[in-house]
Amino acid sequence: MLEAPILPTLLLLGAPNVAVMLAQASVGLIETWFVGKLGTDALAGMALVFPLVMLMQTTSAGAMGGGIASAIARALGARRNDDANALVLHAVVVALGFGLLFSVALIGGGRWIYTRMGGSGGALEAALSYSNWVFAGAVLVWLFNALSAVIRGTGNMAFPALVTVAGVPLLVPLSALLIFGWGPVPGFGIAGGAVALLMYYGVGSLVLAGYLWSPRSLLRPVLRGTRWRWVLFADILRVGLASSVSTVATSLSMAVAVALVGAFGSAAIAGYGTASRLEFLLIPLVFGFGAPLVAMVGTCIGAGKRERALRAGWIGAALCFAMAEAIGLWAAAFPHTWLRLFSDDPAMLEAGTQYLRSVGPLYGFFGLGLVLYFASQGAGKLKWPVLANLLRLAVAALGGWLVLRWGGTLTQLFVVQGAAMVVYGLVNAGAVAAGSWFGPLRWPWRVATA
């Protein structure tokens, strides 16, 4: 963290995370493939729910999870081991509270939300069937991601990755079994995928907790005798809540896009939802390198090594820009290769192709902005990443509304979404370049003059 060459260390720490993120993303894609066999309404229903499921995932793993990992990394970097141990149970309490909040909000308000997003008829009923089940167990998702973040904060990226990847070979057949049924086991349709997912997170949480309370763990949390301290909750929430605003803005941008696309019909929603799955795939891939950046930047700043922290951020930014841009260019060149994995419906294919050709070539800016957001979590400075995401939301929502008001096309609507990504990436990069981690913005900014 403090002395080894940055790029090899980042690749070494990131490899397990990329594996785990690919595994999780693969599960989501396979589940979508299963649901696609149930028909276009089921696929459209999944598209309606997916932004909110990803909101929960990214808030718990990336936003609040980043706050947890950052707090523990900074405590360990400053040799405050007692605080690091106490942060474990504080993190669990935070996770349980937010998990309950998601359950109440999405079970109580799901129908209203999905209707406003353009859902109706069979698509709306499919969305509610999946949503009510998955958000009933939101606490399990939050607990799993919080415990994973605790372990990542110590610099151990391998064990959370191992737990996630090991569960995939069990989750995929379980999901198929509960969706379609087999033998004496009845099929539950789209809801079966949600039930399988919750079983996966429940078992995974038990395994992660067992590791944290074992002799192999760097931390030594205790159930009794831990003194609840607001300063430790604040250490998590200061980064986590600011990150959550950014995460909510990202998910709202995508939810707004679904609502705007809804003006062109259910097939367009299915096409956008299927195509944008690739965008959602970028989030876990970038997180694979963003998570070790949280620990690396946080540890370096805790130890007073500003220049190393900044170099780590820029190396991660270059890596993730190149990775996301390569995926986007491939998708723009061969859109049907991706879309036909899920459905052959002509209207869905047409809408999805328009999205990938309009937005795919700009994916690099999304990867750039997202990885610098994670690095800023490690620095404990989230003002500019939050503003960048709010600007992205404003451009996507206002620009999309103007397209519809002026009678624009679906392609023009997607071009606006791509422009919003460019704004997000450039604002984040400009702020870091101007010294946002270490005080007021100055241009040009240098560590030596800070």
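Going by this note's numbering, the sequence shown opens with residue 26, and the numbers climb by one from there. All C-beta atoms, glycine included, are put in the ideal place defined by N, C-alpha and C.
Burial state of N106, where buried means 16 or more other Cβ atoms lie within 10 Å: As a working mapping, residue 106 is identified with position 81 in the sequence shown. It counts as exposed.
The region 218-225 in contact with the region 353-372 per 3-pair CB rule at 8 Å: no
For G287, which residues of its own chain have a beta-carbon under 6 Å away from its beta-carbon, when the five flanking residues on both sides are left out? Looking up residue 287 in the sequence shown gives position 262. Cβ within range, chain order: G143, I294.
Closer than 6 Å by C-beta to G162: which residues in its own chain qualify, once you throw out the five before and the five after it? Chain order, please. Residue mapping note: residue 162 aligns to position 137 of the sequence shown, counting from 1. Result list for G162: L223, in chain order.
Would DSSP call W355 helix, strand or coil? If you number the sequence shown from 1, residue 355 lands on position 330. Assignment of W355 by DSSP, reduced to helix, strand and coil, places it in the helix class.
Spatial neighbours of L429 within its chain, please: C-beta separation below 8 Å, excluding the five flanking residues on both sides. Stepping through the sequence shown from its first residue, residue 429 is reached at position 404. So the qualifying residues of the chain are L285, A288, L438.
Spatial neighbours of G338 within its chain, please: C-beta separation below 7 Å, excluding the five flanking residues on both sides. Sequence index remark: in the sequence shown, residue 338 carries index 313 (1-based). Excluding sequence neighbours, G338 sits near L318, V322, L397, A400, V457.
I'd like to know if the region 123-140 and the region 342-358 are in contact, where contact means that at least 3 CB-CB pairs between them fall below 8 Å. no
When the Cα atoms are used, what is the spatial distance from R333 to I31? In the sequence shown, counting from the first residue as 1, residue 333 sits at position 308. In the sequence shown, counting from the first residue as 1, residue 31 sits at position 6. So the two alpha carbons sit approximately 8 Å from each other.
With DSSP as the reference, label W462 as helix, strand or coil. Here residue 462 refers to the residue found at position 437 when the sequence shown is read from its first residue. Reduced to three states, the DSSP call for W462 is coil.
Work out the CA separation of A48 and L187 for me, nearest whole Å. Here residue 187 is taken as the residue at index 162 of the sequence shown, counted from 1. Here residue 48 is taken as the residue at index 23 of the sequence shown, counted from 1. So the two alpha carbons sit approximately 10 Å from each other.
Look up V283 in the DSSP assignment and say whether it is helix, strand or coil. As a working mapping, residue 283 is identified with position 258 in the sequence shown. Reduced to three states, the DSSP call for V283 is helix.
For a test of your reading of the model: does the CB of T189 fall under 7 Å from any non-hydrogen atom of the ligand PLP? Yes or no. With respect to the ligand PLP, the structure shown offers nothing to examine, as it has no ligands at all.
How would you call A148, buried or exposed, if buried means at least 16 neighbouring beta carbons within 10 angstroms? Numbered from 1 along the sequence shown, position 123 holds the residue referred to as residue 148. With 16 or more other Cβ atoms within 10 Å, it is buried.
What residue ranges within the region 259-306 form continuous alpha helix (DSSP H) runs of no fewer than 4 residues, ordered along the chain? List check, alpha helix (DSSP H) in window: 291-300.
Judging by CA-CA distance, which residue of Y297, L35, R336 is the nearest neighbour of L73? For the purposes of this step, residue 73 is taken as residue 48 along the sequence shown, with counting starting at 1. For L73, the nearest C-alpha among the options comes from Y297.
N453 to G460 span [Cα, whole Å]: Numbered from its first residue, the sequence shown carries residue 453 at position 428. Numbered from its first residue, the sequence shown carries residue 460 at position 435. So the two alpha carbons sit approximately 11 Å from each other.
Could you compute how far the alpha carbon of V190 sits from the alpha carbon of E56? Residue mapping note: residue 190 aligns to position 165 of the sequence shown, counting from 1. Residue mapping note: residue 56 aligns to position 31 of the sequence shown, counting from 1. Rounded to the nearest angstrom, the two C-alpha atoms are 16 Å apart.
Option nearest D66 by Cα separation, candidates L407, G146, N157: Counting from 1 along the sequence shown, the entry for residue 66 is found at position 41. The candidate whose alpha carbon is nearest that of D66 is G146.
So for V43, helix, strand or coil by DSSP? Numbered from its first residue, the sequence shown carries residue 43 at position 18. Correct three-state label for V43: helix.
Identified DSSP bridge partners for N207: On the sequence shown, residue 207 is found 182 positions in, with the first residue counted as 1. Strictly speaking, residue 207 in this sequence is Trp, with Asn absent from that position. Answer is V210.
Quick one: what's got a C-beta closer than 6 Å to V232's C-beta in the same chain, skipping five residues either side? Residue numbering aside, residue 232 sits at position 207 when the sequence shown is read from its first letter. By the criterion of a C-beta distance shorter than 6 Å, V232 is surrounded in its chain by V188, once the five residues flanking it on both sides are discounted.
Range of the contiguous alpha helix (DSSP H) that encloses M182: The sequence position of residue 182 within the sequence shown is 157, counting from 1. Neither: M182 is in no alpha helix (DSSP H) and is coded neither H nor E.
Three-state secondary structure (DSSP) of E56: The sequence position of residue 56 within the sequence shown is 31, counting from 1. Here E56 sits in helix by DSSP.
Specify the secondary structure class of P240 as computed by DSSP and reduced to three states. Within the sequence shown, the letter at position 215 stands for residue 240. Coil at P240, not helix or strand.
Between the CA atoms of G432 and P8 - distance to the nearest angstrom: Outside the shown range of the chain, which is 26 to 475, sits residue 8, and nothing can be said about it.
Between A259, W255, V256, W238, which lies nearest to R249 when the distance is taken from Cα to Cα? Residue mapping note: residue 249 aligns to position 224 of the sequence shown, counting from 1. Ranking the options by Cα distance to R249, first place goes to W238.
Just how far apart, CA to CA, sit G133 and L466? The residue given as residue 133 occupies position 108 in the sequence shown. The residue given as residue 466 occupies position 441 in the sequence shown. Near 43 Å, if we compare the C-alpha coordinates of L466 and G133.
Status (buried if at least 16 other CB within 10 Å, exposed otherwise) for P371: Looking up residue 371 in the sequence shown gives position 346. Exposed, since its Cβ has fewer than 16 Cβ neighbours within 10 Å.
Within the same chain, show all residues whose beta-carbon is closer than 7 Å to that of S383, passing over the 5 residues directly before and after it, in chain order. Taking the sequence shown and counting its residues from 1, one reaches residue 383 at position 358. So the qualifying residues of the chain are T436, F439, V440, G443.
If you measure between the beta carbons of M182 and A88, is that distance less than 8 Å? The count along the sequence shown starts at 1 and reaches residue 182 at position 157. The count along the sequence shown starts at 1 and reaches residue 88 at position 63. No, these two residues do not count as a Cβ contact at 8 Å.
What separation, rounded to the nearest whole angstrom, lies between the Cα atoms of G313 and F305? Position 288 of the sequence shown, counted from the start, is the residue given in the question as residue 313. Position 280 of the sequence shown, counted from the start, is the residue given in the question as residue 305. Those two C-alpha atoms are separated by around 13 Å.
Could you check where the alpha helix (DSSP H) with E375 kicks off and where it finishes? Position 350 of the sequence shown holds residue 375. Start and end: 371-384.
Could you name the residues of the same chain whose beta carbon sits closer than 6 Å to that of N110, not counting the 5 residues immediately before and after it, in chain order? As a working note, residue 110 is residue 85 in the sequence shown. Same-chain partners within the cutoff: L244, R245, P246.
Between L68 and S368, how many whole angstroms is the CB-CB distance? I'm expecting something under 8 Å. For the purposes of this step, residue 68 is identified with residue 43 of the sequence shown, where counting begins at 1. For the purposes of this step, residue 368 is identified with residue 343 of the sequence shown, where counting begins at 1. The Cβ separation is near 6 Å, so the contact holds.
Determine the closest residue to L416 out of V273, A320, G385, with distance taken between C-alpha atoms. Along the sequence shown, read from residue 1 onward, the residue named residue 416 stands at position 391. With distances taken between Cα atoms, L416 lies closest to V273.
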